[in-house]
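Right, one structure below, let's go through it.
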Amino acid sequence: MNQHHNSRLYQSEVFRMACRQFDLAADAINLSSEVRGRTKYPRRAIAFALPVRRDDGRIQMFEGYRVQHSLATGPSKGGVRFQQDVTIGEVAALAMWMSWKCALAGLPFGGAKGGVVVDPRTLSPGELERLSRRYIQEIIPFVGPDIDIPAPDVGTNEQVMGWMADTYSNHVGHLEPAVVTGKPLAIGGSAGRREATGHGVAHLVHAHLQELGIPITEATVAIQGFGNVGGETALALAHLGARIVAISDYTGGIHNSGGIDVRKALEYTAYNKVLHDFGGGEPITNAQLLELDCTVLAPCALERVITEENAPRLRCRILAEGANGPTTNAADKILERRPEIEVIPDVLCNSGGVIVSYFEWIQNRQSYYWSREEVLEKLHRQLDQARDAVERQRRKMKFSRRLAALTLGIQRVADAKLARGLFP
Ligand code: NAD
């Protein structure tokens, strides 16, 4: 395969977008042709059928994927997405971003991602358990604390990770908690992991507000997606004193310029699963939410929501990418010509999740557990280091913040490939 052509296997808009980002970054730092193709292209992918017995006795087939983008600097790391529209191309793009993210944060991991084509809301708890166990069972030769370590992503959670850890542990004959992260605390989950991604988003947003001279108590925030990342981002920013004026999920959104009671919204969604009919403000669509006049806009749901079409109409000061890949290449170009909007790019903005996953893996391997305070303090330090590196690169190279973050991550992965050489 010619490195300048995109793959046949991973054909998808999201993969093309991740490749375009890579090409721009690789050109910007003159990445050597010796490592360019090897650094860009995912190392390997596993696609498999998942037969699951439904509660009514029928056996239903699902399709699953795991893409391991890089194993050059250690085991690969990345979430598993249970979502009805997921494709192997999307998973491959997300795996690429995980590689740059881990490298930027200075973690000894490569990137990976997984997915199952399923709407988990249509499964009973028993069906979800059987699917989760079957998923990890199918990739047993390719996962493990030194090979590849899954974690939660869209549509999966702590309980799913608990079932996966148990399935793998039954296979090896003893509890092996370090095979997945984002587990329940009772079997080696880390304090602070559940809130880590949103907490990290809030920490970085706070730093940028301080730089802009905007007191956080005067900041208004609109958040798309009210799952793990969106919900915890809302909670952490509200805790710091910001006013959350809009939230949404796949059923639509709520706008309240006086401020939304985030705790109440979280209690409501914990019980009702969706925000629909929560009240607490005026209903708005997801599209309207993105164009609200606010200080901080945080897309925390899916990819490609900031587009060529709405990028000129954004009215935020800070675009905090809690989600992976929320901004298309075309939208990026538009935002580069709108310096009044500070973009905190996904590979930096949501890296709190994988940073605390790294801490969880360390704690599992040492069987020595840290307090939530220790975890969050270490998280802040690691995020600040990554952010400082991005700001330095940005100033030195006169890059956008995204290009600065991507070039740092990509260069580190490429350096590892160069140092290892090509086998045989
Ligand atoms: P989640 O399943 O917990 O929540 C997803 C949320 O997005 C839900 O509220 C859902 O209703 C909403 N949503 C789904 N489709 C939507 C649509 N079309 N429009 C509006 N809202 C929609 O998932 P999550 O773990 O919070 O992940 C969200 C994003 O953050 C993803 O891009 C994921 O890759 C990224 N991320 C997650 C983590 C993590 O630790 N969980 C870490 C880094 C990045």
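Just so you know, we're using the numbering used here here: the sequence shown kicks off at 23 and counts up by one. The beta carbon of each residue, even a glycine, is placed where N, CA and C say it ideally should be. What you are looking at is a predicted structure, and each value in this text was computed from that prediction instead of being measured.
Query: Skipping 5 residues on each side, what residues in its chain have a beta carbon closer than 8 Å to that of Asn-332?; Result: Ala-309, Leu-312, Glu-313 and Ala-353
Query: How would you label Val-194, buried or exposed, when you count the other beta carbons within 10 angstroms and need 16 or more for buried?; Result: exposed
Query: Reducing DSSP to helix, strand and coil, say where Gln-106 ends up.; Result: coil
Query: Nearest-angstrom Cα distance between Gln-25 and Leu-370?; Result: Because the pLDDT at Gln-25 is just 47, under 50, the model does not fix this residue reliably, and the value given afterwards should be weighed accordingly. Going from the Cα of Gln-25 to the Cα of Leu-370 covers about 26 Å.
Query: Excluding five sequence neighbours on each side, which residues of the same chain lie with their C-beta closer than 8 Å to the C-beta of Leu-72?; Result: Met-83, Phe-84, Glu-85, Gly-86, Val-138, Leu-153, Arg-156, Tyr-157 and Glu-160
Query: Pull the bridge partners of Ala-69 from the DSSP assignment, please.; Result: Tyr-87
Query: Is it a yes or a no for the region 412-431 touching the region 243-255, going by three-plus beta-carbon pairs under 8 Å?; Result: no
Query: Mind checking who Thr-242 pairs with in its DSSP beta bridge?; Result: Arg-265
Query: In the structure shown, what three-state DSSP assignment does Val-365 receive?; Result: strand
Query: Do the region 27-40 and the region 105-117 make contact, defined as three or more Cβ pairs closer than 8 Å?; Result: yes
Query: Under three-state DSSP, which class holds Gly-111?; Result: helix
Query: Could you tell me the boundaries of the beta strand (DSSP E) in which Lys-135 lies?; Result: 132-139
Query: If you follow the alpha helix (DSSP H) that Leu-231 is in, where does it begin and where does it stop?; Result: 218-234
Query: What residue range is occupied by the uninterrupted beta strand (DSSP E) comprising Ala-342?; Result: 340-342
Query: Quick check on DSSP: helix, strand or coil for Gln-33?; Result: coil
Query: Assuming contact is defined by CB atoms lying nearer than 8 Å, are Ala-200 and Ile-377 in contact in what I supplied?; Result: no
Query: Let me check one thing: in DSSP terms, what residues is Val-74 bridge-paired to?; Result: Gln-82
Query: Under 8 Å, do Leu-336 and Ile-363 count as touching if we go by C-beta distance?; Result: yes
Query: So the alpha helix (DSSP H) Glu-413 belongs to, where does it begin and stop?; Result: 394-419
Query: Would you call the CB atoms of Ile-366 and Ala-342 closer than 8 Å?; Result: yes
Query: Give me the Cα-Cα distance between Ser-29 and Asp-49, rounded to the nearest whole angstrom.; Result: 19 Å
Query: Taking the C-alpha atoms as reference points, what is the distance between Lys-418 and Gly-431?; Result: 16 Å
Query: Say the cut is 7 Å; is the CB of Pro-174 nearer than that to a heavy atom of the ligand NAD?; Result: yes
Query: Quick one: Cα of Glu-198 to Cα of His-261, how far?; Result: 35 Å
Query: Going along the chain, which residues of its own chain have a beta-carbon closer than 6 Å to the beta-carbon of Leu-440, five neighbours each way excluded?; Result: Val-57
Query: Go ahead and pull the three-state DSSP assignment for Ser-121.; Result: helix
Query: Below 8 Å on the Cβ atoms is my contact criterion, and I expect Asn-510 with Pro-174 to pass it. Report the Cβ-Cβ distance as a whole number of Å.; Result: Nothing about residue 510 can be read from this structure; the chain reaches only from 23 to 446.
Query: Below 8 Å, can you find three or more Cβ-Cβ pairs linking the region 218-227 to the region 257-275?; Result: yes
Query: Can you give me the start and stop residues for the alpha helix (DSSP H) that Gly-249 sits inside?; Result: Counting along the chain, Gly-249 falls outside any alpha helix (DSSP H), and DSSP gives it neither H nor E.
Query: Please confirm whether any heavy atom of the ligand NAD lies closer than 7 Å to the CB of Asn-346.; Result: yes
Query: At what residue ranges does the region 150-219 contain a whole run of the alpha helix (DSSP H), taking only runs of 4 or more?; Result: 180-194
Query: How should Pro-64 be labelled, buried or exposed, when 16 other C-beta atoms within 10 angstroms of its C-beta is the threshold for buried?; Result: buried
Query: For the alpha helix (DSSP H) containing Glu-304, list its first residue and its last residue.; Result: Unbroken run through Glu-304 is the beta strand (DSSP E), 304-306; no alpha helix (DSSP H).
Query: Please confirm whether any heavy atom of the ligand NAD lies closer than 7 Å to the CB of Leu-428.; Result: no
Query: Using 10 angstroms around the beta-carbon of Met-23, count the other beta-carbons present and answer buried if the total reaches 16, otherwise exposed.; Result: Note on Met-23: pLDDT 42, under 50, position unreliable in the model; no value is reported.
Query: Distance check for Ile-169 and Ser-279, CA to CA, integer angstroms please.; Result: 48 Å
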